[in-house]
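So for the sequence shown, the UniProt record's numbering puts the first residue at 1; every next one is plus one.
Comments concern the structure below.
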Amino acid sequence: MEKEKKKKHQAEPEFINRELSWLAFNYRVLQEAGDKKVPLLERIKFMAIFSSNLDEYFKVRVATLKRLVKLKRKTIEKLDEDPAETLSQVLGEVKRQQDEFGEVFREGILADLKKENIHLLTESDLTATQKKFITTYFKENLQPLLLPMVMDDTETHFFLKDQTVYLGIQMSDAKKGAKAEQYAMLEIPTKKHGSRFIKLPTQKNNRYVMFIDDAIRTCLPLLFPDYSQFEAHAVKVSRDAELDIEEDISANLMTKIKKGLKKREIGTPARLLYDPETPQSLLDAIMAHTGITDEELVEGSKYHNFRDFFGFPDFDLPALKYESQPTLVHPLLEKEPSILAAMQKQDYIVHYPYQSFDYVVKLFNEAANDPAVTAISATLYRVADGSEIAKALTKAAKNGKLVTVVVELKARFDEESNIFWAGKLQKAGANVILGVPDLKVHSKLGLITRNENGKMVNYAYLSTGNYNENTSKIYADHALFTCDKRLTKDVEQVFNFFIDRQPDKKFKHLLMAPISMRERFVELIEKEIKNAKKGLPASMILKMNALQDDRMIRKLYEASQAGVKIELLVRGICCLQPGIKGLSENITVQGIVDRYLEHARVYIFHNNGEEKYYVASADWMTRNLNRRVEVAFPLYQQDLIDQVRTIIDLQRSDNTKARFVDNSYVQKSTDEQTRSQYATYDYLRSLVPNGMKAERE
């Protein structure tokens, strides 16, 4: 019986553990930080991305694992894997990556900064002149922001705010009358200060910068004049970010979300990251006064919140950053005074971040001001804080148009922004739909209805990326502008579903999760299997951010066994194990981590020579196919198909930034180096005709 239980909890060999797969993806980010070919200041940003990703991972995934570990034994036995075993593997891999992270920072980043005459100073590095500068800076800019919390002998508990760095301070060598030894906690005021760093005066072409942490360490005698010896070490807590909200739609859902956001700030600690040099006595004092236990302790480094390196000074040194890639114009839309009029002629596809996001902003502003436009509908998942799209929708509602906006309040870590815009839109008179019961709305759609000579004509916008001007500059996505009736009719059905919530909708062209997407994708795979068994050519090229759904993976294994050639381009989680003889030898998996975040999903099926192309908002994860509203849209216009295929082919041939699923660099026997993101930029630039300015002002 015991053996059977153990077997139940062992991951099946053909599946890669989801948690370890995600950690492998984040390790690829760390590889970029350590790659000397990447410009130095960009490597620092990859350090920040790695750290930020890991913070979110602990807040969500590790916190979930810890909840699973606490379930009753009978419940745990029903799970596919033992959560305690998975948690142990996760923490072990995190420890390994954190150790390498420290090496990359100390032996790579810091050393290379010095070569560029950029010096990250600690309190022990300061000259007398620099110490005077820091002391003055501290008194004027930092000391007013600091509020020490003394850890005395009482049982007073301090609440450590989520994702905030604190200094735990041990004081000794007391003056007469003071306690011989004392402990205190001090919040590092990064937000109030506006940056984690202080730039010091440049001397003889040498540039100097300092963590505010170290500036505070330098000036501790000013804060605690009764002591002359100090040990100051950083700690940071990551708290459980799961809101545990029932995914039902009720009148008080927004209230639930707001309460959930407050709960997030006081959620159960998922980890306490601490400096390994921290004396045990100081660590014991911190644990005693915060309620943190040994289970939450995770060894880190001297500095935490490396995501603050997003704000590391660039010292106006462009040579240490990526070469400039000015945003490109769209060769056809750029010369059109009206986006709606242009859409009457043909479909267009825009590729972010290479081409400008301005066209979608222009589309919604035009619709908001056009007297002939009667209605506008849109789904908002993650919008920019000062969203021009949301402003245009607000303007349209004020102009008397029927505006329907589906706002997903459960978009993790973007709830506050979405709540803000939901309120603004409601006040303007828009019909705001706060999601769908039991589902998360992840599709990125827009529908504009226009009265043209008494006839209602629909125009649609479908995208793999969000309505977000900020992320459109760093996320690689595709967006379709169309008034093709085959597509607009189906988009209208999606919005009808949001209104009446009846799952009886029929889609002839779009694939919509959870209604038809899974079934239709399975049918497309089965057709490839049938063709392969008949001896016909059969293949698939599938690009996504994550592949985790076991049913889809098993279908891909079945296709591989039938002889279907499958190329997977997966950036993140991939639970499919390629290259297993008799199971997946016809499947290859590679993913690209580079300057931009690969975010587009593209699914290409050979279909016996009549290829089918679908561009989607959905990955092949169980949550996307079963518990989210997602849309995959076909491409029918040949020039658009050609563009997407060219970009996909460049990614398939990438031998610079592509990596196999085992994280090693792709090695291909070719003298020509292909870096797909740069090749894509050059390709799209080549589409701009001579005489037209290619770059957006």
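C-beta: ideal position from N, C-alpha, C; glycine also.
For the ligand NAP, I want to know if residue i counts as a neighbour, meaning its beta carbon is within less than 7 Å of at least one of the ligand's heavy atoms.
i      : result
Met544 : Here there are no bound small molecules, and the ligand NAP is not part of this structure.
Just verifying my parser: in three-state terms, what is the DSSP assignment at residue i?
i      : result
Met151 : strand
Ser228 : strand
Arg307 : helix
Val350 : strand
Tyr636 : coil
Asn608 : helix
Thr122 : coil
Asn458 : strand
Pro189 : coil
Pro83  : helix
Thr164 : coil
His330 : coil
Lys302 : coil
Thr680 : helix
Lys555 : helix
Asn466 : coil
Gly108 : helix
His233 : strand
What do you get for residue i, buried or exposed, if any count of 16 or more other CB atoms within 10 angstroms of its CB means buried?
i           : result
Arg28       : buried
Leu157      : Correcting the residue identity first, residue 157 is His in this sequence and not Leu. His157 comes out exposed.
Glu697      : exposed
Lys543      : buried
residue 711 : Here the chain covers residues 1 to 697 and nothing more, so residue 711 does not appear.
Thr584      : Checking the displayed sequence, the identity of residue 584 turns out to be Ser instead of Thr. Per the 10 Å Cβ criterion, buried.
Val38       : buried
Asn26       : buried
Glu140      : exposed
Thr488      : buried
Asn466      : buried
Asn206      : exposed
Phe633      : buried
Lys401      : buried
Glu630      : buried
Pro689      : exposed
Asn496      : exposed
Ile499      : exposed
Met692      : exposed
Met456      : exposed
Thr290      : buried
Ser281      : exposed
Glu323      : exposed
Leu172      : Before going further, note that residue 172 is Ser rather than Leu in the sequence given. Exposed.
Asp682      : exposed
For residue i and residue j, which I take to be in contact (beta-carbon distance under 8 Å), what is that distance rounded to the nearest angstrom?
i      : j      : result
Arg628 : Leu439 : 6 Å
Pro276 : Glu299 : 5 Å
Ala600 : Thr464 : 4 Å
His606 : Met540 : 7 Å
Ala538 : Glu528 : 4 Å
Val403 : Trp421 : Their Cβ separation, rounded to whole angstroms, is 12 Å, which puts Val403 and Trp421 out of contact at 8 Å.
For residue i, which of the options has the nearest alpha-carbon?
i           : options                           : result
Tyr208      : Ala232, Leu126, Arg518 and Leu54  : Leu126
Leu425      : Val436, Lys395, Asn451 and Gly446 : Lys395
Pro337      : Tyr359, Ser324, Leu91 and Leu317  : Tyr359
Asp55       : Leu220, Phe306 and Gln651         : Phe306
Met149      : Ser195, Glu85 and Leu223          : Leu223
Ile49       : Leu597, Asp619, Tyr614 and Lys74  : Leu597
Ile198      : Phe312, Glu187 and Met210         : Met210
Val329      : Ala342, Phe357, Gly34 and Phe309  : Phe357
Lys444      : Glu231, Asn399, Ala378 and Trp421 : Ala378
residue 730 : Leu273, Ser281, Phe133 and Glu334 : With the chain running from 1 to 697 in the structure shown, residue 730 is simply not present.
Arg645      : Phe660, Tyr614, Met621 and Glu187 : Tyr614
Ala372      : Arg486, Arg571, Arg96 and Glu452  : Glu452
Ile604      : Ile573, Arg652, Ile580 and Arg623 : Arg652
Asn53       : Thr327, Gly572 and Phe521         : Gly572
Gly582      : Thr482, Glu558 and Asp549         : Glu558
Tyr354      : Arg685, Leu380 and Lys302         : Arg685
Tyr459      : Thr471, Asp484 and Val441         : Asp484
Tyr183      : Gln170, Ala24 and Lys555          : Gln170
Quick check: the segment 78-94 against the segment 31-48, are there 3 or more CB pairs under 8 Å? No, the segment 78-94 does not touch the segment 31-48.
Stretch-stretch touch, CB-based, cutoff 8 Å, three pairs: the segment 148-166 with the segment 223-242: When C-beta atoms of the segment 148-166 are compared with those of the segment 223-242, three or more pairs fall below 8 Å, so the two segments count as touching.
Per the contact definition of three or more C-beta pairs closer than 8 Å, is the segment 471-482 in contact with the segment 345-352? With the cut-off at 8 Å, the segment 345-352 and the segment 471-482 touch.
Is the number of C-beta pairs between the segment 355-369 and the segment 380-397 that are closer than 8 Å three or more? For the pair of segments examined, the segment 355-369 was found to touch the segment 380-397: the number of CB pairs separated by less than 8 Å reaches three.
Three-pair Cβ contact test at 8 Å for the segment 117-124 versus the segment 206-220: Yes: at least three Cβ pairs fall under 8 Å.
Within the chosen definition, does the segment 579-596 reach the segment 550-567 through at least 3 CB pairs nearer than 8 Å? By the Cβ criterion, the segment 579-596 is in contact with the segment 550-567, since at least three pairs of Cβ atoms, one from each stretch, lie closer than 8 Å.
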